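Q: Before we start, here is the structure in question, set down as structure tokens.
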Amino acid sequence: MKSVYEIKKEICEVGHIMYELGFVAANDGNISVKVSDNEFYCTPTGVSKRDLTPDMIIKVDKNGKKLEGKLNPSSEIKMHMRVYQERPDVNAVVHAHPPVATAFTIAGVDLDQYILPEAVLTIGSVPTCEYGTPSTMEIPDSLLPYIQNHDAFLLKNHGALTVGCNLNKARFVMEEVEFNAKICKYAMELGAVHEIPNDQLVKLMELRKKMNLPGRHPGIEYDEEPANANEELVATITRKVLEALGK
Ligand SMILES: [Zn+2]
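For the sequence shown, our numbering gives the first residue as 462, with consecutive numbering after it.
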């Protein structure tokens with residue numbers, strides 16, 4: 462098991478990576494890690510992800526209330542807490558503003574093209590959640606229709622949120638979302654987006670099952686009906702993968 466210091470250090474490292482990749486500017490974004498049902502470590506408000514050091518990391522309870530730390534948690538911690546509440550399998554959440562993926566939400570273009578095998582395997586389609594005012598409950602609420610079937614979410618006119626069974630996984634999903642968006646944009650600029658054919662998507666889904674990858678995927682059916690399943694969710698579950706699976 463990791464020590465508290467190691468967890469804090471890992472949060473800082475992911476913050477530095479988000480900054481270096483240009484996924485956050487100024488003091489944008491936030492990162493959190495769950496250590497027990499009522500203990501979470503998270504980044505503070507008002508500090509650039511580039512400048513994070515372990516002593517700045519705060520401990521909060523399941524309501525986002527500070528338990529330990531000199532600085533204060535971000536008001537956006539509410540969306541992290543909503544994820545932990547709805548998804549007991551999640552142990553880390555990353556929120557950033559990756560520019561290309563965010564631009565898709567501004568242009569009103571869905572990030573649901575199946576163009577790269579790695580992205581199909583790991584994230585599938587990425588839903589765009591309804592716009593919400595930062596720091597209010599509007600953003601946590603906007604995640605609800607999609608939260609049970611995805612590990613990556615775009616926040617309309619805002620950014621992206623990714624989750625994982627550990628921090629590295631949540632970070633990789635964030636990187637994959639932006640990389641996929643970038644390649645898709647390049648293909649659009651070249652004039653055509655040719656998606657991976659349905660029969661090949663079926664093979665990728667079979668591979669995912671065989672690899673027993675952690676996390677949720679919109680192309681996989683879960684034994685238990687997701688708690689928040691509704692018609693909107695069903696409509697967003699990757700049309701093409703479902704078609705390919707012959708549903
Ligand atoms: Zn934000």
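Even for Gly, the Cβ is constructed at its ideal location relative to N, Cα and C.
Small disclaimer: the values here were computed from a predicted structure and weren't measured.
1. Any idea which residues DSSP pairs Leu628 with across the strands?
2. DSSP beta-bridge partners for Phe501?
3. Write down the C-beta distance between Tyr502 and Ile468 rounded to the nearest angstrom, noting that I regard them as a contact closer than 8 angstroms.
4. Quick check on Ser419: buried or exposed, where buried means 16 or more other Cβ atoms within 10 Å of its Cβ?
5. Under DSSP, the alpha helix (DSSP H) around Lys539 begins and ends at which residues?
6. Would you say Leu616 and Cys590 are within 8 angstroms of each other, going by their C-beta atoms?
7. Could you compute how far the alpha carbon of Lys556 sits from the alpha carbon of Cys473?
8. Buried or exposed for Pro559, please, with buried defined as at least 16 other CB atoms from any protein chain shown within 10 angstroms of its CB.
9. On a CA-only basis, which of Phe633, Ile681 and His619 is nearest Val485? Give me that one, please.
10. If you draw a straight line from the C-alpha of Asp550 to the C-alpha of Leu662, how long is it?
11. Pull up the CB-CB distance for Ile584 and Ala648, whole angstroms please, since I reckon it's below 8 angstroms.
A: So, from the data block:
1. Position 167 of the sequence shown holds residue 628. Its beta-bridge partners do not exist; DSSP assigns none.
2. Taking the sequence shown and counting its residues from 1, the one referred to as residue 501 is at position 40. Phe501 pairs with Lys495 and Val521.
3. Position 41 of the sequence shown, counting from 1, holds the residue named residue 502. Position 7 of the sequence shown, counting from 1, holds the residue named residue 468. The beta-carbon distance between Tyr502 and Ile468, rounded to whole angstroms, is 6 angstroms. This is short enough to meet the 8 angstroms contact definition.
4. Summary: the structure shown does not reach residue 419, with the chain confined to residues 462 through 708, and so no result is reported for it.
5. The residue labelled residue 539 in the question sits at position 78 within the sequence shown. It spans Ile538 to Glu547 - the alpha helix (DSSP H) in which Lys539 sits, taken as one unbroken run.
6. Here residue 616 refers to the residue found at position 155 of the sequence shown. Here residue 590 refers to the residue found at position 129 of the sequence shown. Taking C-beta atoms as the reference points, Leu616 and Cys590 count as a pair closer than 8 angstroms.
7. Against the sequence shown, residue 556 aligns to sequence position 95. Against the sequence shown, residue 473 aligns to sequence position 12. Lys is not the amino acid found at residue 556; the sequence shown has His there. Cα-Cα distance, rounded: 14 angstroms.
8. As a first step, residue 559 is located in the sequence shown; it is residue number 98 there, counting from the start. So Pro559 ends up on the buried side.
9. In the sequence shown, residue 485 corresponds to position 24, counting from 1. Checking every option, the nearest Cα to that of Val485 belongs to His619.
10. Counting from 1 along the sequence shown, the entry for residue 550 is found at position 89. Counting from 1 along the sequence shown, the entry for residue 662 is found at position 201. Cα-Cα distance, rounded: 26 angstroms.
11. Counting from one through the sequence shown, the residue named residue 584 turns up at place 123. Counting from one through the sequence shown, the residue named residue 648 turns up at place 187. That pair is no contact at about 17 angstroms.
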